[in-house]
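Peer 1: So that we are looking at the same thing, I have put the structure below in structure tokens.
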Amino acid sequence: MMRQLVFVIDGIIPTLHKTDYTKKQAKNIDKQLVQLYVDWNKMYIYSRKDKFTESDLKTFKSLIIIWAKGFKKLFSSYSVSQLQLPKFHSWVYHIISSITEYGAVNNFTTETYETLHKEYVKNPYQMSNKRDASSQMLRTVSRDALNNHRLVSIIYNITNWCYV
2 MMRQLVFVID
12 GIIPTLHKTD
22 YTKKQAKNID
32 KQLVQLYVDW
42 NKMYIYSRKD
52 KFTESDLKTF
62 KSLIIIWAKG
72 FKKLFSSYSV
82 SQLQLPKFHS
92 WVYHIISSIT
102 EYGAVNNFTT
112 ETYETLHKEY
122 VKNPYQMSNK
132 RDASSQMLRT
142 VSRDALNNHR
152 LVSIIYNITN
162 WCYV
């Protein structure tokens with residue numbers, strides 16, 4: 002699918018986007034976008050390896066740098082934060098050391114931490130009145146944990162009672 006998508010985005014700016022760009026500028030941006038996508042694919046496919054040697058890590062780092070430079074060049078003018086994005090920073094500056102320390106990135110996931118953040122930080126904050134939010138959040142999380150413990154105890158007692 003990745004190879005076919007290059008042909009879908011090729012010509013997308015001059016064809017679909019009504020801008021102040023001249024045809025030549027639009028084609029140039031379009032070329033950069035296609036090249037950026039090709040660079041991303043090379044880097045992404047390389048990141049899916051199960052094992053990395055030192056030479057693999059050097060090649061991977063160069064692919065990351067090529068992609069990151071193109072990405073910044075193309076999108077920084079559209080970004081309010083000048084692309085100060087945590088995942089971008091992590092990918093560019095920390096992925097090689099993470100692979101060296103922990104192995105391939107195939108098994109990396111943030112799903113667990115994102116779920117925990119939502120359950121223990123985001124939802125309690127939204128339930129607070131935003132004044133002294135930390136203590137309100139702590140009380141909410143403690144209350145929920147106590148209620149869950151009580152519920153588990155009740156269910157445990159009921160299931161044990163059924164088998165007596």
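Residue numbers are given in this note's numbering: position 92 of the sequence shown equals residue 93, and the series is strictly consecutive. Idealized CB from N, CA, C, for every residue including glycine.
So, for LEU75: in the same chain, excluding its five sequence neighbours on each side, which residues have a beta-carbon less than 8 Å away from its beta-carbon?
Peer 2: Within the sequence shown, the letter at position 74 stands for residue 75. Correct list, in chain order: ILE30, GLN33, LEU34 and LEU37.
Peer 1: Straight-line CA distance for HIS95 to THR101?
Peer 2: Position 94 of the sequence shown, counting from 1, holds the residue named residue 95. Position 100 of the sequence shown, counting from 1, holds the residue named residue 101. If I take the Cα positions, the gap works out to 10 Å.
Peer 1: Between which two residues does the alpha helix (DSSP H) carrying THR60 extend?
Peer 2: Numbered from its first residue, the sequence shown carries residue 60 at position 59. 55-76 is the extent of the alpha helix (DSSP H) around THR60.
Peer 1: Do SER48 and VAL106 come within 8 Å of each other at the CB atom, strictly closer than that value?
Peer 2: Position 105 of the sequence shown, counted from the start, is the residue given in the question as residue 106. Position 47 of the sequence shown, counted from the start, is the residue given in the question as residue 48. Yes, the Cβ-Cβ distance between VAL106 and SER48 is below 8 Å.
Peer 1: Find the nearest neighbour of ASP51 within the set LEU84, TYR103, LYS28 and THR23, judged by alpha-carbon distance.
Peer 2: Locating residue 51 in the sequence shown gives position 50, counting from the first residue. Residue TYR103 is the option with its Cα nearest to ASP51.
Peer 1: Considering only C-alpha positions, which residue in the set ALA146, LYS70 and ASN124 is nearest to TRP92?
Peer 2: Reading the sequence shown from its first residue, position 91 is the one you call residue 92. Measuring from the Cα of TRP92, the nearest candidate turns out to be LYS70.
Peer 1: In this structure, how does DSSP classify ARG151 when only helix, strand and coil are distinguished?
Peer 2: By 1-based counting over the sequence shown, the position of residue 151 is 150. Helix.
Peer 1: How would you label ILE65, buried or exposed, when you count the other beta carbons within 10 angstroms and need 16 or more for buried?
Peer 2: Locating residue 65 in the sequence shown gives position 64, where the first residue counts as 1. Buried, by the Cβ-count rule.
Peer 1: If contact is defined by three or more beta carbon pairs under 8 Å, each pair taking one atom from either stretch, is the region 112-126 in contact with the region 138-148?
Peer 2: Yes, the region 138-148 is in contact with the region 112-126.
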